[in-house]
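J.: What follows is a structure written as structure tokens; I'll ask about it next.
Protein chains in written order, with the working numbering: chain A, 13 to 383; chain B, 153 to 505.
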């Protein structure tokens, strides 16, 4: 570092100095054990966010937009309009929507891996420019040069969209350091998967983030499979929220299929970070319905397993149920679905009809200048 | 063939020969070596239970058990480090890096440990490791699933770099690589896993079955590292290529009716410089084709060697047709790819001299 982080704020709880080893961990608020678990306790005390009817409707619409967008992307892939790699977010919608709805849009930054369409849509980024990026067109958000895995938005402080598994986590540490250095009050939300959680650089980042007290929320989106390998086949500790313990990073175990729980957890985590508590590690337990990518037939799991999650824990159906209980009519929901389908169809038309980038674009943006 | 794939009968050509695609041939080589040598151990991301994202390790866990064919977490640095330790203790690890684009976290272990262990222990310890990795583009993988990083390894003393272009060669070279007592980077051109690609992305893909070099004998055979293959003889110019580009270059020469000699290098380190030298001395003209970007690519080394050794035989400046000095683009993939048009133009320039 060229310069030490300025004014590292004091931790809320005294976790770093002289841990009182002989006291009972679970009852003594001064103990390390307690500090590592107190966020989880706060979540257990109140698992659901009190969403207003409008907020809940907004979550529902955002999740549905992601679902319909991804379904359409899958179709375009099948038609050959999207080439190469395409990782769908279907099933995981509540994670991006619940977490990102809690962000301070002016201050906070987000970074994620290659399964990034949902995070961009959760920001309210126009589906047209996302779909056009998938089809590799000039009008795409990265001018067609990035593709599905590599998308960015400076306007929304969205730092990508990264194709190398786990590499974005360390970048997230850098974003958080910049928030701290600039004293802008922002935090970084750094997503990665259960597979990426085994990359060494993730732990290098954990150490630095805790050491420098960085404002960062690490989010493991645990969808059960690292590409074709189930969590238990590749991970010694499959309770990912515990993996910050060695770095004194408090962990939270969250149901990622329930948008209201995700949002509640997000508020607890972000409050803690904003008050100078340093990094938090959230594990969002979720599930992807589709293969790892479009070329994955998903033979490593049974259809029944997928069907079971769809039937019992679908995040959109869950939100729909609450809306209906609150008196929203079936007709209203159908209307919303129709409007979202139209929006997605418009995005798909746009993505199909926009021109491809000119060959001269091959040499632009390699360096700032040309040589 | 092994495990679940043994149930599938190998394809047979019209001539009754056993025909495999490159994936099956690689699987076959691993099977042969695991059968012959219990020190051969295969592992990598998705490589055990699932059999690899490209299916190259399919059936091996079933046949040889979890101790010899197993899953690794997504930890390329750790995978490579563990392989170095295994190798130093006498095993013969064959780790898979799922895409060559993912190799960089393991680069330190390959360069500083695997490649250098023998030298710094004065030959006491070795790294008999074969690092298999699918590489190259042509599959719309964008910048993180398409790269050709071979020159990053040819630059490193103490490690060999091998790139097959056919199922027949893939099997024989992989067996030789596994038996080699030094670390070998074995880059598998993923665009030609299922069939030879001649550069026309808009035409239907061919299958290996109809290609003569899909004939892959059963059992053990080796193709020595450092022996190039002259895939087309000619007098008018020499074309040096490897991997996917062998097929593209050969097709262009056939279409243009050019009397070109096309050499498939097969291994870059060790390099069969004698075959190259003899050819260029005969033709007086040299074209180098590779998919990796141009500056400091392996073509630069080839060009320097040809110039040093054949200067007085050269009748024209050496030509290079390569990827551009840009990241591998998503939507402009075929503008980047050194395809038939650019190769044809380079041949025209050489023949006009």
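C-beta: ideal position from N, C-alpha, C; glycine also. Owing to the predicted nature of the structure, the values given are computational and were not obtained by experimental measurement.
For residue 275(A), is the classification buried or exposed, using 16 other Cβ atoms within 10 angstroms of its Cβ as the cut-off for buried?
T.: Buried is the call here.
J.: With residue 207(A) and residue 299(A) assumed to form a contact (beta carbons below 8 Å), what rounded beta-carbon distance in angstroms separates them?
T.: About 14 Å separates the two Cβ atoms, so there is no contact after all.
J.: The beta strand (DSSP E) spanning residue 267(A) covers which residue range?
T.: Where residue 267(A) is concerned, the enclosing beta strand (DSSP E) stretches over 263-267.
J.: Just mark residue 269(B) as buried or exposed, buried being the case when its beta carbon has 16 or more other beta carbons within 10 Å.
T.: Looking at its Cβ environment, which holds 16 or more other Cβ atoms inside 10 Å, residue 269(B) is buried.
J.: With a threshold of 8 Å between beta-carbons, can residue 493(B) be considered close to chain A, or not?
T.: Chain A, which has no Cβ nearer than 8 Å to the Cβ of residue 493(B), makes this no.
J.: I'd like to know if residue 87(A) contacts chain B, where contact means its C-beta is closer than 8 Å to some C-beta of that chain.
T.: Residue 87(A) does not count as touching chain B.
J.: Which residue or residues does DSSP assign as beta-bridge partners of residue 312(B)?
T.: Answer is 336(B), bridged to residue 312(B).
J.: On a CA-only basis, which of 409(B), 423(B), 437(B), 398(B) is nearest residue 390(B)? Give me that one, please.
T.: Minimum Cα distance to residue 390(B) is reached at 437(B).
J.: What would DSSP say about residue 547(B), mapped onto helix, strand or coil?
T.: Any answer about residue 547(B) is impossible in this case: the structure gives chain B only from 153 up to 505.
J.: With 8 Å as the threshold, decide whether the Cβ of residue 260(B) is near any Cβ in chain A.
T.: Answer no: the Cβ-Cβ gap between residue 260(B) and chain A never drops below 8 Å.
J.: What number of angstroms, rounded off, separates the C-alpha of residue 88(A) from the C-alpha of residue 94(A)?
T.: Roughly 6 Å separates the two Cα atoms.
J.: Below 6 Å CB to CB, which residues in the same chain sit around residue 181(A) once its five sequence neighbours on both sides are set aside?
T.: For residue 181(A), where only same-chain residues beyond five positions count, the Cβ hits under 6 Å are 202, 204, 214, 217.
J.: Residue 208(B) by DSSP, collapsed to three states: which one?
T.: Coil, per DSSP.
J.: Evaluate residue 284(A) with the Cβ neighbour count: other Cβ atoms within 10 Å of its Cβ, from every protein chain shown; 16 or more gives buried, anything less gives exposed.
T.: Residue 284(A) should be labelled buried.
J.: I'd like the list of long-range same chain contacts for residue 196(B), defined as Cβ closer than 6 Å, with 5 residues on each side in sequence excluded.
T.: Excluding residues within five positions, the ones whose Cβ falls inside 6 Å are 224, 247, 248.
J.: Starting from residue 218(A), follow the alpha helix (DSSP H) in both directions and report where the run begins and ends.
T.: 212-223 is the extent of the alpha helix (DSSP H) around residue 218(A).
J.: Could you compute how far the alpha carbon of residue 257(A) sits from the alpha carbon of residue 294(A)?
T.: Spanning the two alpha carbons is a distance of roughly 12 Å.
J.: At what residues does the beta strand (DSSP E) containing residue 63(A) begin and finish?
T.: It is not in any beta strand (DSSP E) - residue 63(A) carries neither H nor E in the DSSP assignment.
J.: Please list, in chain order, the chain B residues whose beta carbon lies closer than 7 Å to that of residue 157(A).
T.: In chain order: 481, 482, 483.
J.: Residues bridged to residue 382(B) by DSSP?
T.: 415(B).
J.: Within the present structure, is the beta-carbon of residue 228(A) separated from the nearest heavy atom of the ligand COA by less than 7 Å?
T.: The ligand COA is not among the ligands present in this structure, which contains no ligands whatsoever.
J.: The stretch 211-223 of chain A: which residues have C-beta closer than 9 Å to a C-beta of chain B, in chain order?
T.: Here the close residues are 211, 212, 213.
J.: Would the beta-carbon of residue 104(A) fall within 8 Å of that of residue 130(A)?
T.: Result yes, Cβ atoms of residue 104(A) and residue 130(A) sit closer than 8 Å.
J.: If we require 3 or more residues per run, which beta strand (DSSP E) segments fall completely within the stretch 288-332 of chain A?
T.: Whole beta strand (DSSP E) segments, 3+ residues: 292-297.
J.: Could you spell out the range, first to last residue, of the alpha helix (DSSP H) harbouring residue 270(B)?
T.: Looking at the DSSP string, the run of the alpha helix (DSSP H) that includes residue 270(B) is 269-272.
J.: Could you work out which residues of chain A lie near residue 208(B), taking near to mean beta carbons separated by less than 9 Å?
T.: What residue 208(B) touches in chain A: nothing, since even the nearest Cβ is about 13 Å away.
J.: On the criterion of 16 or more Cβ atoms from any shown chain inside 10 Å, does residue 379(A) qualify as buried, or is it exposed?
T.: Residue 379(A) should be labelled exposed.
J.: Are the CB atoms of residue 245(A) and residue 201(B) nearer to each other than 8 Å?
T.: Going by C-beta atoms, residue 245(A) is nearer than 8 Å to residue 201(B).
J.: What is the residue span of the alpha helix (DSSP H) that residue 233(B) lies within?
T.: Taken as a continuous stretch (DSSP letters only), the alpha helix (DSSP H) holding residue 233(B) covers 228-240.
J.: What beta strand (DSSP E) runs, 3 residues minimum, are completely inside the stretch 229-279 of chain A?
T.: Correct list: 263-267.
J.: Taking residue 341(B) and residue 281(B) to be in contact with their CB atoms under 8 Å, please state how far apart those CB atoms are, rounded to whole angstroms.
T.: Not a contact, Cβ separation roughly 21 Å.
J.: Give a yes or no on whether the minimum CB-CB distance between residue 487(B) and chain A is below 8 Å.
T.: So yes, residue 487(B) belongs to the interface.
J.: Using the Cβ count rule (16 or more neighbours within 10 Å means buried), how would you classify residue 171(A)?
T.: When all chains shown are included, residue 171(A) counts as buried.
J.: Which residue from 98(A), 264(A), 69(A) puts its Cα closest to that of residue 81(A)?
T.: For the residues 98(A), 264(A), 69(A), the minimum Cα distance to residue 81(A) belongs to 98(A).
J.: Taking only runs that begin and end inside the stretch 53-132 of chain A, name each unbroken beta strand (DSSP E) of 3 or more residues, in chain order.
T.: Those beta strand (DSSP E) runs which fall completely within the stretch 53-132 of chain A and span 3+ residues are 121-123.
J.: Going by other Cβ atoms of all chains shown within 10 Å of its Cβ, with 16 needed for buried, is residue 464(B) buried or exposed?
T.: By the 10 Å Cβ count, residue 464(B) comes out exposed.
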